[in-house]
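Have a look at the structure below before the remarks.
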Amino acid sequence: MAEGSSSRAENPVPDAETLQVLRDMANRLRIRAIRATCAGHPTSSSSAAEITSVLLFHTMRYLQDDPENPDNDRLILSKRLPFMDMVPGWLEQGLSAACGMAYMGKYFDKASYRVYCLMGISEASEGYVWEALAFASHYNLDNLVVIFDVNRLGPSSALPLEQCTAVYKMRCEAFGWNTYMVDGHDVEALCQAFWQATQVKNKPTAVVAKTFKSRGIPNIESLENWHGKPMPKERVEAIIELIESQIETNQDLVPKPPVADSPRFNIEEVIVTIPPAYKVGDKVTTRKAYGLALAKLGHVNNRVVALDGDAKNSTCSVIFQKEHPERFVECFVAEQNMVGVALGCAIRGRAITFASTFAAFWTRAFDQIRMGAISETNVTLVGSHCGVSVGEDVPLKMALEDLAMFRVIPNCTIFYPSDAISTEHAVYLAANIKGMCYIRTSYPETAVIYSSEERFEVGQAKVVRQSADDKVTVIGAGVTLHEALEAADELSKEGIAIRVIDLFTIKPLDVATIISSAHETGGHIITVEDHYKEGGIGEAICAAVSMEPGILVYQLAVSGIPCSGSPSKLLDKFGINARCIVATVHSIIMNQSF
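Just so you know, this note's numbering puts the end of the sequence shown at 592, numbered straight through with nothing missing.
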């Protein structure tokens, strides 16, 4: 086997023999694509064959037998290989993740590895791409290279710019990128461009490569209406024979090993030994408790990273920024890109990653969130200003759909803490969970109800008020838990006892506690939530008890369009305050008496 070029600083163009091997390997990739995708997308693979060949067998440094090695160069594209760290969707989302990986390499790891992102040109129509381009330029990510595969065609028709590579070049340059235009099927030109990118400082590089879809496949190359269609079976072998006839060598190229300069560290089982500093009765917003807990966690492990979408004063991640400025990443109001960057930071276990913004704004990035879950990435998203309890602020920021959105995300753990103590524990638990987490924090101050010695576990609810005479189980979370406790106090004056449960985690639910409490309180459950009924806590509990006979669930939830007003007035207006809980309990008891 021949070796790839020896240095990024030397030999920008390999010798003629190596160039021919690269051409041949590109054709072998085409053949493999045709064989592997007889029911898939060989046309798209064929346009990028030379780009992939040059990247994998000449430009990139990595250990083939150790694909997870942290020193390896990174590659993101829409085909899943062992050393490719994400499964971008259609249209792909890889550039934002590549930005996160490059940011980690430049500013946290301070390592030599580089990040390459191969993009289909269709996704250049996506707004998130330009968010990512702006992010990379702003942070001078000179270890990042994006390759635009400009093959003219989208999935269903020709694209607006077709192959106007000069326009793509000008657009990239306008966003502050060092940009090259190349023939995407010319391996020598590609080698030169990728080498030149290594010499550029303080700017990311874009390579705008003019290619042809279905390259090398007669009567299909550059034609429309072939996307996602297999080669005709009767033509497959003839096409493969034609491509094989162009292969002149039988050599492979071995990539050069990476520079071994990435730091090694441990982010497993992060334990905070200092107990929370709050006292029962203290009034603290859970969003502030989040910021304080995250800053505290940052002192325990120096791989904790926080991102925010220009809402840090509201989400209180600014507390982390003040104590750990070198580990805070401002992503500005670009939530789709922020999720991708967060995923990129977390990939390969390089960081314990938290990202925060207004809970309502996560809806803008739902596709990125679901793709992060599919990629099984460990990241915690935090949403503040949830529900109508935001109060006088505009309805724009009142998240009433976020629980529904995150509940459908596979394997996503959802925390909904009700006081500062439980919020702090939610942060520490999320830091150690494999997979995606969501923490829902609230705007108003609420009283601390737990002692600093209280312990919390995922999927374990807290029964915060109970007696042998309880008539109804009331389940709340966040601000509504405090409304339930107030209702319990009011009802106790009438000699009526109710059980009050703090869910703590919405997913997974503590089904055992919910069902046992329901049976002990006459089979009656009231759920009260600062969220729409659809997809919220009430529906989650209805599903959990659906096979249990004798249990009725009464749902109190927000309905209709929210409006501005004082938190107390809005909780009353939408029927989720203590008064409404008391009225519902009275109604249940009255119906029992008949």
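A virtual CB, placed ideally from N, CA and C, is assigned to each residue, including glycine.
- prompt: Exposed or buried, residue 327, counting other C-beta atoms within 10 Å across all chains shown (16 or more means buried)?
  reply: buried
Within the region 444 to 520, ranges of the beta strand (DSSP E) (whole runs, at least 3 residues): 460 to 463, 470 to 474, 496 to 500, 502 to 505
- request: Note down the Cα distance separating residue 475 from residue 483, rounded to an integer number of angstroms.
  value: 11 Å
- prompt: Within the chosen definition, does the region 354 to 363 reach the region 444 to 459 through at least 3 CB pairs nearer than 8 Å?
  reply: no
- prompt: For residue 196, which of helix, strand or coil comes out of DSSP?
  reply: helix
- prompt: Quick one: what does DSSP say residue 326 is sitting in, helix, strand or coil?
  reply: strand
- prompt: Ordered along the chain, which non-local residues of its own chain (more than five positions away) have a Cβ less than 6 Å from that of residue 509?
  reply: 542
task: Name the one or two DSSP bridge partners that residue 177 has.
output: 204
- request: Go through its chain and collect everything with a Cβ distance to residue 296's Cβ below 7 Å, but skip five positions before and after it.
  value: Excluding positions up to five away in sequence, the list reads 302, 318, 321, 322, 325.
- prompt: Using the beta-carbon count (16 or more within 10 Å), is residue 79 buried or exposed?
  reply: With a pLDDT of 47 at residue 79, under the threshold of 50, the modelled position of this residue cannot be trusted; read the value that follows with caution. Label assigned to residue 79: exposed.
- request: Give every residue of the same chain whose Cβ lies closer than 7 Å to the Cβ of residue 191, excluding the five residues on either side of it in the sequence, and list them in chain order.
  value: 178, 180, 205
message: For residue 473, count the other beta carbons within 10 Å of its own beta carbon; 16 or more makes it buried, fewer makes it exposed. Which is it?
response: Residue burial is scored here from C-beta neighbours: residue 473 has at least 16 other C-beta atoms within 10 angstroms and is therefore classed as buried.
- prompt: Comparing alpha-carbon positions, which option in 126, 348, 353 lies nearest residue 103?
  reply: 348
- request: Measure how close the beta-carbons of residue 438 and residue 357 come, nearest whole angstrom, since I'm counting them as under 8 Å.
  value: 6 Å
- request: State the DSSP-derived secondary structure class of residue 234, mapped to helix, strand or coil.
  value: helix
message: Whole angstroms are fine: how far does the CA of residue 109 sit from the CA of residue 87?
response: Low per-residue confidence applies at residue 87: pLDDT is 47, beneath 50, and the placement is therefore not dependable, though the value from the model is reported in the following sentence. For residue 87 and residue 109, the distance between alpha carbons rounds to 28 Å.
query: Considering only the beta carbon of each residue, do residue 385 and residue 398 sit closer than 8 Å?
result: yes
With 16 other Cβ atoms within 10 Å as the buried cut-off, status of residue 424: buried
task: Just tell me which of 28, 160, 121, 461 has its CA closest to the CA of residue 238.
output: Nearest of 28, 160, 121, 461 to residue 238, Cα basis: 28.
field: Endpoints, beta strand (DSSP E) assigned at residue 97
entry: Counting along the chain, residue 97 falls outside any beta strand (DSSP E), though it belongs to the alpha helix (DSSP H) covering 92 to 101.
- request: Answer yes if the region 257 to 268 comes into contact with the region 419 to 436, meaning at least three C-beta pairs across the two stretches below 8 Å, and no otherwise.
  value: yes
- request: Quick one: using the 10 Å Cβ neighbour count with 16 as the cut-off for buried, is residue 271 buried or exposed?
  value: exposed
Three-state secondary structure (DSSP) of residue 533: In the three-state reduction of the DSSP assignment, residue 533 falls in the coil class, being assigned neither a helical nor a strand state.
- request: Give the secondary structure of residue 304 by DSSP, where H, G and I count as helix, E and B as strand, and everything else as coil.
  value: strand
message: Could you give the first and the last residue of the continuous alpha helix (DSSP H) run that contains residue 49?
response: 47 to 52
task: Kindly list the residues whose CB is nearer than 7 Å to the CB of residue 420, restricted to its own chain and excluding five residues on each side of it in sequence; keep chain order.
output: 448, 454, 502
field: C-alpha distance - residue 395 paired with residue 415, whole-angstrom precision
entry: 19 Å
- prompt: What separation, rounded to the nearest whole angstrom, lies between the Cα atoms of residue 575 and residue 171?
  reply: 55 Å
field: Own chain partners of residue 480 with C-beta closer than 6 Å, once the 5 adjacent residues on each side are dropped
entry: The beta carbon of residue 480 lies closer than 6 Å to those of 444 in the same chain, with the five residues before and after it left out.
query: Mapping DSSP to helix, strand and coil, what is residue 316?
result: helix
- request: Spell out a yes or no on whether the region 552 to 559 and the region 530 to 537 are touching, meaning 3 or more CB-CB pairs, one atom from each, closer than 8 Å.
  value: Contact between the region 552 to 559 and the region 530 to 537 is present, because at least three Cβ pairs lie under 8 Å.
- prompt: Do you know whose CA, among 67, 504, 149, lies nearest residue 600's CA?
  reply: A question about residue 600 goes unanswered here, because the residues of the chain that appear run from -1 up to 592.
- prompt: What residues in its chain sit with their C-beta under 6 Å from that of residue 413, if we drop five residues either side in the sequence?
  reply: Taking C-beta separations shorter than 6 Å and ignoring five residues to either side along the sequence, the partners of residue 413 in its chain run 424, 437, 503, following chain order.
query: Measuring CA to CA, which of 50, 578, 372, 373 is closest to residue 526?
result: Of 50, 578, 372, 373, the smallest CA-CA separation from residue 526 is found for 578.
query: Touching or not, the region 398 to 411 and the region 244 to 255, by the rule of three or more beta carbon pairs under 8 Å?
result: The region 398 to 411 is not in contact with the region 244 to 255.
field: residue 23 - DSSP class collapsed to helix/strand/coil
entry: helix
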